[in-house]
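Chemist:
If you want it as structure tokens, here you go:
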């Protein structure tokens with residue numbers, strides 16, 4: 030009886046530890062992400078003042094330029110950004126972790142930059158040079 034209770038307690042502790050580790054902010058970043066056009070459009074402050082025609086035009090432009098963009102973040106600190114089949118590999122380092130907000134340093138063959146990543150329900154929002162892009166898991 031005692032061994033059974035001890036075994037159950039061990040399993041509960043193990044599961045709690047695994048759940049906690051999986052939900053750590055840096056772990057929530059890991060994966061493959063695609064641009065969410067509607068959410069990205071909603072993030073733009075000027076969207077509210079656009080006419081229906083302007084909004085549709087803006088959406089078409091976002092779909093053309095951001096629709097084929099896919100981001101991948103690995104647990105080992107590697108990144109792959111794919112744009113219409115063209116892959117750019119690089120790396121990232123978490124410079125600051127404020128829970129649901131991460132500051133990343135991104136590096137590829139041609140540049141080094143810092144971006145802010147907001148971990149939101151169902152996705153992430155990357156902010157680079159005051160431009161915000163919403164992403165969902167692929």
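Numbering (this note's numbering), first residue to last: 30 to 167. Every residue, glycine too, gets a C-beta built ideally from N, C-alpha and C.
Give me the Cα-Cα distance between residue 76 and residue 134, rounded to the nearest whole angstrom.
Modeler: 29 Å
Chemist: Give me the Cα-Cα distance between residue 87 and residue 160, rounded to the nearest whole angstrom.
Modeler: 15 Å
Chemist: Exposed or buried, residue 89, counting other C-beta atoms within 10 Å across all chains shown (16 or more means buried)?
Modeler: Its Cβ having fewer than 16 others within 10 Å, residue 89 is exposed.
Chemist: Give every residue of the same chain whose Cβ lies closer than 7 Å to the Cβ of residue 17, excluding the five residues on either side of it in the sequence, and list them in chain order.
Modeler: With the chain represented from 30 up to 167, any question about residue 17 goes unanswered, as that position is not in the structure.
Chemist: Assess, as a yes-or-no matter, whether the segment 123–141 is touched by the segment 61–69 under the definition of 3 or more beta carbon pairs within less than 8 Å.
Modeler: no
Chemist: Which same chain residues end up closer than 7 Å to residue 50 when comparing Cβ atoms and leaving out the 5 residues on each side of it in sequence?
Modeler: At residue 50, the pLDDT of 42 sits below 50, so the modelled position is not reliable and the matter cannot be decided from this model.
Chemist: Of all the options 151, 146, 111, 92, which has the alpha carbon lying nearest to the alpha carbon of residue 157?
Modeler: For residue 157, the nearest C-alpha among the options comes from 146.
Chemist: Going straight from the alpha carbon of residue 98 to that of residue 140, what length do you get?
Modeler: 18 Å
Chemist: Could you give the distance in angstroms between the alpha-carbon of residue 96 and the alpha-carbon of residue 143?
Modeler: Looking at the two C-alpha atoms, the distance is approximately 23 Å.
Chemist: In whole angstroms, what is the alpha-carbon distance linking residue 166 and residue 72?
Modeler: 18 Å
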